[in-house]
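A.B. asks:
Numbering (our numbering), first residue to last: 6 to 132.
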């Protein structure tokens, strides 16, 4: 290891980006009075949140999407699979795409201990 290795900013890993997105979605769910039944923070282990509100069951898929990718764009195979899963449990399925970018320069990755910009248009109802 060289001195430069300690000075260069380190980009957030895919797991760290996912955790950031999970925190954003979790706070939004709390703010809207959802009760958590299950939280799964593993990457691509869906759904990430299973919640109830007003005696209704909700499954929430969370995806962290780094700029310039579009956080609204979804994986059709995943959505179809989770849609079937939600129907089996009479649950409402939501998709939460969280766009994350380096706040100082969108062309750079998001670095640890630096500012970031978030784009979250809320929960998209799938079924």
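Note that the Cβ used here is the ideal one computed from N, Cα and C, for glycine as well.
1) Which residue or residues does DSSP assign as beta-bridge partners of residue 102?
2) Using 10 angstroms around the beta-carbon of residue 6, count the other beta-carbons present and answer buried if the total reaches 16, otherwise exposed.
3) Going by beta-carbon coordinates alone, are residue 52 and residue 66 separated by less than 9 Å?
4) I need the boundaries of the beta strand (DSSP E) containing residue 44, first residue and last residue.
5) Rounding to the nearest angstrom, what Cα-Cα distance links residue 129 and residue 14 in this structure?
6) For my contact list, residue 131 and residue 100 are in at a C-beta cut-off of 8 Å; report their separation, rounded to the angstrom.
C.D. replies: So, to answer that:
1) What you label residue 102 is simply residue 97 of the chain shown in a count that begins at 1. The secondary-structure analysis by DSSP pairs residue 102 across a beta bridge with 68.
2) Looking up residue 6 in the chain shown gives position 1. Its pLDDT being 46, under 50, residue 6 is placed unreliably by the model, and the measurement read from it follows with that caveat. Label assigned to residue 6: exposed.
3) Here the question's residue 52 lines up with position 47 in the chain shown. Here the question's residue 66 lines up with position 61 in the chain shown. Taking 9 Å as the cut-off, the Cβ atoms of residue 52 and residue 66 count as close.
4) Residue 44 sits at position 39 when you count from the first residue of the chain shown. For residue 44, the enclosing beta strand (DSSP E) begins and ends at 40–44.
5) As a working note, residue 129 is residue 124 in the chain shown. As a working note, residue 14 is residue 9 in the chain shown. Approximately 34 Å, taken between the alpha carbons.
6) The count along the chain shown starts at 1 and reaches residue 131 at position 126. The count along the chain shown starts at 1 and reaches residue 100 at position 95. Between residue 100 and residue 131 the Cβ distance is about 6 Å, and since that is below 8 Å, they are a contact.
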